[in-house]
Every structure is written in C-alpha cells, then in structure tokens.
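Novice: Okay, so the sequence shown: first residue is 9 according to the working numbering, each after it adds one.
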Amino acid sequence: MKRGISFALQAAGMGLACLATTLKQPVHASGALTAACDTAYYYNEQGVELYCAPEGSGTFVIRTCKKKEEIYYDWDKVSKAIKKDTFDVIEVKSISFEEAKKVEALICNGYVEDSLVKNNVVRILDRNLIRKIFAKIPDSGTNTDSLNDFREYGGTIFKDKPFSFHVGGIGNPCDSGVAVEFREEGIAYYHSHPSGERKVGDCYYIQGPSLKDQEALMKGKKQNKKKKVDAKGYVFGMNKRSHLIYIFDKDGIKATLPFFWFLCCSVNK
C-alpha cells in the first residue's frame, strides 16, 4: 500500500496460533479506540475473551508469541519467485509462550493493572470497527476471484469521521508486489494482502507486513506527531494460509488475531 504523503504499503503470501485456551457506503469510526459502553475487553492471541472490565475502556490483546520464522515462514521462497520487486520483512516483537500464559492467568483473575499485563498487551481498534472494515474488502479470501483476489484494499481510520477505502491495481504474485495508494492522516491505517495465487510457478503473496508497510506507517506517524497520535498498522492476511490480522507499529509486529475473532459475532449498529 502506498501512503502518498505517501502511505506506501505493499504486499509481496502464512498463519499459526500459539496460545491454547478456552463497496461502498461510508462507515463511521466513532469510538474507534474504545469498546462499547466504556468497557475494557481483553483477548488472548486466539481471539478468546479473557476478561471484561466495566470500569475500563478499550480493546486489548496479549502480545504475539509467534516468532519471525512462523509469520514469515515462506519469505525466502516467495521473495525469490518475485521477478520485479522486493519484499523485506520487519521485526516481530513477540513474548514467550510461558510469559503469555502468565499474562493470561493474571487477566483471567482480573489483575489487568499488573505491570506484567500492562507491558504485554496491545490496545487495538474496537472489534465492531474491524469487522466493518473487513466487510468492505471484496477479496474472497479463497483465491477464487481472478480480479478481486489480486488487489490490495486499504484506507485510513479517523477519530471522528468515516474511515476511507481505496482499491489498488491488479497484480501478479509471480511478477511483482501490489499496492494501494491514498493520502490521508489518521489514528490508524489498514490494508489487505491478497489471497490470489498462481499455480504455475507456485506464487502467492506474503501475508505479514513488509518493511515498506512499516516505513509508510512511520511517515504517517511523523505527520501525526503534533497530534500525539501513535498510529498502528493493521494488515488483513486474506490468503487461506493466514486469515490473520497483523497489528504492527514502528517497532514491529506486536499482535495477531484470527479472522473468526471478529466474524463470530454480529455488528452492533
């Protein structure tokens, strides 16, 4: 994807979970960073709700315990298949499986103010908003649409107006990456990485965020500095190998969540 002052975010095709426990109408993003009814919701990396705090607000997920080689397991293979472009990976700021279990236990018992919890959860967009964004993306997620499944879709999340939505050009995973371009400042940015594949050459798009995605996010961060907004990027990995949301910032990938986390419930109007 490209950020035009410039938000350049690009896809160049992944998925795993690690912690085991139980087009076109505008959509408003009011309350984008706060959950409904000023309630705080806490989830593990598998999308299981761990705790609901009526006295708090926001949506939080435990940091990923996936390693870089899990998220980008196919990077070497796919990057070599791309003829006209490059795809560089970013850091994965994961925590250990053992630490994630400790954080989960604390949250389940209501100790959400514990320093271990505060240091190892990521505040994210409200689930209903993420669901609405996903509903705008026409990629089938199954590599069955020869047009829609070979594009990126993306936009900007604003604090007090509808999120934007843009469509990128058609690409070929055996040839080069794809991109979607827009020119807006906001509190967060999102885009999808296509599900499309080419059987000849066994080519598909890497699903995790690229270095270009991160660099584009940093350009947006500089523009938001005066507003004291620490923007995050959200990548929807549309390929069946993934079906994950990757949440990242200037430091790297901080969290992932499966699609069923936001698809399992109806949208609050």
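Each residue gets a CB set at the ideal place from its N, CA and C atoms; glycine is no exception.
Within 10 angstroms of the Cβ of Leu58, are there 16 or more other Cβ atoms? Answer buried if so, exposed if not.
Specialist: By one-based count along the sequence shown, residue 58 stands at place 50. Leu58 should be labelled buried.
Novice: Can you give the Cα-Cα distance for Ser154 and Gly204, rounded to whole angstroms?
Specialist: Taking the sequence shown and counting its residues from 1, the one referred to as residue 154 is at position 146. Taking the sequence shown and counting its residues from 1, the one referred to as residue 204 is at position 196. If I take the Cα positions, the gap works out to 7 Å.
Novice: Which one or two residues does DSSP pair with Ser218 in a beta bridge?
Specialist: As a first step, residue 218 is located in the sequence shown; it is residue number 210 there, counting from the start. BP columns for Ser218 point to Val97.
Novice: Is DSSP giving Phe244 helix, strand or coil here?
Specialist: Here residue 244 corresponds to residue number 236 of the sequence shown, with the count starting at 1. Here Phe244 sits in strand by DSSP.
Novice: Using C-beta distances below 7 Å, list every residue in its chain close to Val175, excluding the 5 sequence neighbours before and after it, in chain order.
Specialist: Sequence index remark: in the sequence shown, residue 175 carries index 167 (1-based). The residues are Arg159, Tyr161, Val188.
Novice: Kindly indicate which three-state DSSP category Ser200 falls into: helix, strand or coil?
Specialist: Counted from its first residue, the sequence shown places residue 200 at position 192. Ser200: strand per DSSP, three-state reduction.
Novice: How long is the line joining the alpha carbons of Ile253 and Phe267, rounded to whole angstroms?
Specialist: Stepping through the sequence shown from its first residue, residue 253 is reached at position 245. Stepping through the sequence shown from its first residue, residue 267 is reached at position 259. Whole-angstrom Cα-Cα distance: 7 Å.
Novice: Going straight from the alpha carbon of Cys272 to that of Tyr50, what length do you get?
Specialist: Taking the first residue of the sequence shown as 1, we reach residue 272 at position 264. Taking the first residue of the sequence shown as 1, we reach residue 50 at position 42. C-alpha separation (whole angstroms): 16 Å.
Novice: Quick check on DSSP: helix, strand or coil for Cys116?
Specialist: The residue given as residue 116 occupies position 108 in the sequence shown. In the structure shown, Cys116 sits in a helix (DSSP, three-state: H, G or I).
Novice: Since Asp257 contacts Gly245 with CB under 8 Å, what's their CB separation in whole angstroms?
Specialist: Reading the sequence shown from its first residue, position 249 is the one you call residue 257. Reading the sequence shown from its first residue, position 237 is the one you call residue 245. Asp257 to Gly245, Cβ: 17 Å. No contact.
Novice: Given 8 Å as the limit, is there contact between the segment 70-86 and the segment 98-115, that is, 3 or more CB pairs closer than that?
Specialist: A contact exists between the segment 70-86 and the segment 98-115.
Novice: Please report the straight-line C-alpha distance between Ile145 and Val56, rounded to a whole angstrom.
Specialist: Position 137 of the sequence shown, counted from the start, is the residue given in the question as residue 145. Position 48 of the sequence shown, counted from the start, is the residue given in the question as residue 56. Distance between the alpha carbons of Ile145 and Val56 is about 24 Å.
Novice: Taking its Cβ as the centre, do 16 or more other Cβ atoms sit within 10 Å of Lys207, making it buried, or is it exposed?
Specialist: By one-based count along the sequence shown, residue 207 stands at place 199. Classification for Lys207: exposed.
Novice: Keeping to the same chain, check which residues put their C-beta closer than 7 Å to that of Leu124; ignore five residues upstream and five downstream.
Specialist: Sequence index remark: in the sequence shown, residue 124 carries index 116 (1-based). Excluding positions up to five away in sequence, the list reads Lys110, Val111, Leu114.
Novice: Report the residue ranges of all alpha helix (DSSP H) runs contained in full by the segment 123-177; include only those spanning at least 4 residues, in chain order.
Specialist: For the segment 123-177, whole alpha helix (DSSP H) runs of length 4 or above, ordered along the chain, are 123-126, 135-144.
Novice: Using C-beta distances below 7 Å, list every residue in its chain close to His251, excluding the 5 sequence neighbours before and after it, in chain order.
Specialist: By 1-based counting over the sequence shown, the position of residue 251 is 243. Once the five neighbours on either side are set aside, the close Cβ partners of His251 are Gly23, Gly149, Gly245, Pro266, Phe267.
Novice: Would Ala143 be called buried (16 or more neighbouring beta carbons within 10 Å of its own) or exposed?
Specialist: Within the sequence shown, numbered from 1, the residue matching residue 143 stands at position 135. Its Cβ having fewer than 16 others within 10 Å, Ala143 is exposed.
Novice: Nearest-angstrom Cα distance between Ile255 and Tyr81?
Specialist: Here the question's residue 255 lines up with position 247 in the sequence shown. Here the question's residue 81 lines up with position 73 in the sequence shown. In a straight line, the C-alpha of Ile255 is about 18 Å away from that of Tyr81.
Novice: Run the CB neighbour count on Lys262, radius 10 Å, all protein chains shown included, and call it buried at 16 or more, exposed below.
Specialist: One-based indexing of the sequence shown puts residue 262 at position 254. Burial call: buried.
Novice: For Glu63 and Gly185, what's the separation of their Cα atoms in angstroms?
Specialist: Here the question's residue 63 lines up with position 55 in the sequence shown. Here the question's residue 185 lines up with position 177 in the sequence shown. Cα-Cα distance, rounded: 45 Å.
Novice: So which of Ile195, Glu192, Asp157 has the shortest CA-CA distance to Gly177?
Specialist: Start at 1 with the first residue of the sequence shown, and residue 177 comes out as number 169. Taking only the C-alpha atoms, the option nearest Gly177 is Asp157.
Novice: Using alpha carbons as the reference points, say which of Ser200, Lys126, Met226 lies closest to Gly194.
Specialist: Residue mapping note: residue 194 aligns to position 186 of the sequence shown, counting from 1. For the residues Ser200, Lys126, Met226, the minimum Cα distance to Gly194 belongs to Met226.
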